[in-house]
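Taken in order, the sequence shown gives residues 9 to 300; the numbers are from the working numbering.
This report refers to the structure that appears directly beneath it.
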Amino acid sequence: MSERILLAGCGNLGRRVAERLLARGDEVFALRRHPPDGAGGGIRWIRGELGRPDGLAGLPRGVTRLVYLPAPGARDEAAYRTVFVDGMRHLFDALDAAALRRVLFVSSSAVYGEHAGAWVDEDTPVAPPGFNGRVLLEAERGLLDRAASMRVSPVVLRLAGLYGPGRLQLIERLRAGRVQVPRDAAHWANRIHVDDAAAAIVHLLDVPDAQPLYLGMDDTPLPLDVLYDHLARLLDVAPPPAGPAPVGVGSKRLRNARLRASGFVPRWPDAREGYAALLGEPAPRRRDMETP
């Protein structure tokens, strides 16, 4: 049976989610402050503003699934709070939730702190080093509290760093020689292809008895220097020089075992394969992709 699904926010990732939902026959509504002009490829666009209590008129009735994945208008704490904390509350207040059965909130691994390269999973204590992680964690807790009172199944998906079509800033910076990488000690990075992230969202909308929290990333955490040197070889540019570790991003290896156990299988289990495909290069041999 088809679902009536509302995407609160619909940028690059949201459109990929919508395409998958439409392909299987669902009815998809997408809420944006500025919907695109012209046909939406089957998406029913709704103009609205999550940050305003009166900015959500015209929401559809009978929504059975809600995906909350807006983008803040600026990278500061006020903008994050407006969209993620206030916006979620405003949307729940405005939504006819009689038919609603599941709410999926796209959060971030930014809620974790420094773990010195140790493995991290859903049971690892959180310690957000920046305002973004702190606000997202507050929004996660707000969703769980609200869902309990509404008898709705809540799912939080904490995504690692996205890459893929439209998300190739790292490639451009490597080509321009504007990247440094820590080399004295491994600083671990975690990635997920944007198409795998979209597939994981759609998958978790339907998993029976879903758990309230999942980590979303590929199978292969990588030291930053291993990943960047590999990309430099693909691009035929010089490897990046040594430099400091990224500020506010702890070194950790994220474990996707719970998501895998739910039946999800990423198409791109290793970012080196995913980047090679994006760049039109042959996939490297597994032996060449071993990490220390």
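Each residue gets a CB set at the ideal place from its N, CA and C atoms; glycine is no exception.
Residue 210 holds the alpha-carbon nearest to the alpha-carbon of residue 32 among 246, 157, 93 and 210. With a contact defined as Cβ atoms closer than 8 Å, residue 196 and residue 173 miss out at about 25 Å. Taking 8 Å as the cut-off, the beta carbon of residue 13 is found closer than this to the beta carbon of residue 29. In this structure, the alpha-carbon of residue 151 lies about 8 Å from that of residue 113.
The beta-carbon separation of residue 239 and residue 200, rounded to 16 Å, does not stay under the 8 Å limit for a contact. For the pair of segments examined, the segment 106 to 124 was found not to touch the segment 242 to 249: the number of CB pairs separated by less than 8 Å stays below three. In this model, residue 141 and residue 18 are separated by some 21 Å (Cα to Cα).
Residue range 20 to 31 is occupied by the alpha helix (DSSP H) that includes residue 27. Here residue 41 is near residue 57, since their CB atoms are less than 8 Å apart. In this structure, DSSP gives residue 100 a helical state, which the three-state scheme calls helix. Annotated as proximal: residue 78 and residue 95, with beta-carbon spacing under 8 Å. About 31 Å separates the CB atoms of residue 183 and residue 223; that is not less than 8 Å, and the two are not in contact.
Pairing residue 215 with residue 121, the inter-Cα distance amounts to about 29 Å.
Spatial neighbours of residue 80 in its own chain (CB-CB distance under 6 Å, excluding positions within 5 residues in sequence) are listed in chain order as 87, 88 and 91.
In the structure shown, the three-state DSSP call for residue 86 is helix. In the DSSP assignment, residue 201 falls within the beta strand (DSSP E) that extends over 199 to 201. If one requires a minimum length of 4 residues, the alpha helix (DSSP H) runs lying completely within the segment 120 to 173 are 139 to 158, in chain order. The three-state reading of DSSP puts residue 267 in helix, counting H, G and I together. Residue environment for residue 74: buried (at least 16 other C-beta atoms within 10 angstroms of its C-beta).
Between the beta-carbon of residue 256 and that of residue 137 there is about 5 Å, and that keeps the pair under the 8 Å contact cut. The three-state secondary structure of residue 234, taken from DSSP, is helix. In this structure, the CA atom of residue 177 is about 9 Å from the CA atom of residue 171. With 16 or more neighbouring CB atoms inside 10 Å of its own CB, residue 189 falls in the buried class. Taking each of 158, 175, 235 and 147 in turn and checking the Cα distance to residue 164, the smallest one comes out for 147. The closest CA to that of residue 128, considering only 253, 72, 168 and 282, is found on 168.
In the structure shown, the three-state DSSP call for residue 208 is helix. Rounded to whole angstroms, residue 155 and residue 231 show a C-alpha spacing of 38 Å.
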